[in-house]
Structures are given as C-alpha cells and as structure tokens.
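Residue numbers (my numbering): 31 to 229.
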C-alpha cells in the first residue's frame, strides 16, 4: 500500500500541480482545496475565512494557546480552523492519498501515520515566472514581495502550530527543486519513490 504523501511547498514552486499529478498517476485521492471544502461542509465556516487563515497566522492568534488543556476552554477562530483541518487531514490519511500543506507532515508524523514527506522549492526567479504564468500580470502588486510574504506567513503558521521550522530538511524525506529539474521530473521521482514504498 502506498504511504500517504504530504507536499510542503514554497509559494510559486508548483507544489499544488505536482501533488495533483502525483495523485492522478498513482490513482489515489488528492487533498488541497478539498480540505477547505470539507471544513466548510462540516463546520460551516465561510470559505473566504478558511482560505485566508488556513495556512497563515495572525498576530491576534498568538495570544491563544491550543494545547489540549486550553483547547477545551477557549480558541480563537483561527485555532478552531486549524483543529478542523487537522481532523480532515487525519481522516483523509486513513487511506493512501496526497495532501498539500496545512502542517500535514507534522500532523501525520505526530500521529505515527506512515507517510512520505516532500518539500518542493525553487529559486525566486522561477517562482516569479510561474506566478505570472498562472495568474497573469497582477496590476499594482509586487510579485516578489507577494511571494516572500506568502512564504513568511507559511513559515510563521508552521512554527506556531508545530514549534518546528518550516522548510528544515529534517522534516522531509525528499526535497526537490522544481525550478532546476522541472515539475514532470518531480512527479516522476515522487511516484518512483512511492512505488518502492508500496508494500
């Protein structure tokens, strides 16, 4: 049986599309925006709120602690969204699948779920080109600043909920530079490794 595959990614590195292609090639479910859909369906949060705060942390949330004890007494909306997404991640991981982001590598490792944790990264030049290709020329937006801000938000979010460093090599089984080797090669390498672990 394939392991659950988690994809952590720098903004603009192609992690979503790589994960989607891996899932399709292996014939297993793909979870990214689907996590948002499930949280909306089960908990009734506004989609915009989850999309805005699903992988970023606000300064306000730093006043709250989501330890098991305090979680029973008070949670910020952002902490509630994290816990709702965590529940969906754990439920999805009951079978082989690909999960993108949302601290899934940490969540599954902590739950001792067999998984293959991947980091997709690329240099800023490749990421800028990819963002412009995907979203078009975004008027009045400094694309480089947007990319770096998004990475910073994910780094802060990950550290807040895991007390670990996002992007640190020891959190992953494999780190791939999509700018150097390309998306298709990333897909091939991940699938090849998943096949070898398919026991």
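Every residue, glycine too, gets a C-beta built ideally from N, C-alpha and C. No experiment lies behind these values; they were computed from the predicted model shown.
Does DSSP put residue i in a helix, in a strand, or in coil?
{"i": "residue 60", "result": "strand"}
{"i": "residue 172", "result": "coil"}
{"i": "residue 39", "result": "strand"}
{"i": "residue 216", "result": "helix"}
{"i": "residue 114", "result": "helix"}
{"i": "residue 227", "result": "coil"}
{"i": "residue 205", "result": "strand"}
{"i": "residue 89", "result": "With a pLDDT of only 43 at residue 89, under 50, the local geometry of the prediction cannot be trusted, and the value read off the model is given with reservation. Correct three-state label for residue 89: coil."}
With distances taken from CA atoms, which of the options is nearest residue i?
{"i": "residue 176", "options": "41, 135, 116 and 220", "result": "41"}
{"i": "residue 29", "options": "226, 219 and 146", "result": "In the structure as shown, the chain starts at 31 and stops at 229, and residue 29 therefore has no counterpart that could be examined."}
{"i": "residue 205", "options": "71, 151 and 80", "result": "151"}
{"i": "residue 210", "options": "155, 143 and 111", "result": "155"}
{"i": "residue 218", "options": "36, 35, 55 and 46", "result": "55"}
{"i": "residue 120", "options": "225, 34 and 162", "result": "34"}
{"i": "residue 69", "options": "57, 59 and 112", "result": "112"}
{"i": "residue 128", "options": "229, 73, 115 and 32", "result": "32"}
{"i": "residue 192", "options": "158, 71 and 132", "result": "132"}
{"i": "residue 80", "options": "59, 57, 107 and 142", "result": "107"}
{"i": "residue 61", "options": "223, 125 and 198", "result": "125"}
{"i": "residue 198", "options": "75, 130, 114 and 148", "result": "148"}
{"i": "residue 123", "options": "48, 200, 46 and 58", "result": "58"}
Rounded C-beta distance between residue i and residue j? I'm assuming under 8 Å.
{"i": "residue 215", "j": "residue 52", "result": "Going by Cβ atoms, the distance from residue 215 to residue 52 rounds to 12 Å, so no, they are not a contact pair."}
{"i": "residue 233", "j": "residue 194", "result": "Residue 233 is absent from the model: the chain starts at 31 and stops at 229."}
{"i": "residue 171", "j": "residue 162", "result": "Not confirmed; about 10 Å, so no contact."}
Using a Cβ-Cβ cutoff of less than 8 Å, which residues in the same chain neighbour residue i once the five nearest sequence positions on both sides are dropped?
{"i": "residue 44", "result": "150, 152, 160, 208, 213 and 216"}
{"i": "residue 224", "result": "32, 33, 35, 52, 56 and 146"}
{"i": "residue 157", "result": "40, 41, 42, 43, 177 and 209"}
{"i": "residue 65", "result": "84, 115, 118, 119, 122, 129 and 132"}
Near residue i, what residues of its chain come up, given a Cβ to Cβ distance below 6 Å and the 5 sequence neighbours on each side ignored?
{"i": "residue 137", "result": "116 and 119"}
{"i": "residue 10", "result": "With the chain represented from 31 up to 229, any question about residue 10 goes unanswered, as that position is not in the structure."}
{"i": "residue 228", "result": "32"}
{"i": "residue 114", "result": "69 and 73"}
{"i": "residue 23", "result": "As shown, the chain starts at 31 and ends at 229. That puts residue 23 outside it, with no answer to give."}
Quick one: what's got a C-beta closer than 7 Å to residue i's C-beta in the same chain, skipping five residues either side?
{"i": "residue 110", "result": "none"}
Does residue i get closer than 9 Å to chain D when you measure Cβ to Cβ?
{"i": "residue 182", "result": "Of the chains in the structure shown, none is chain D; there is only one protein chain."}
For the segment 136-194, list the alpha helix (DSSP H) runs that are entirely contained and at least 4 residues long, ordered along the chain.
Here the runs fully enclosed are 154-165 and 173-192.
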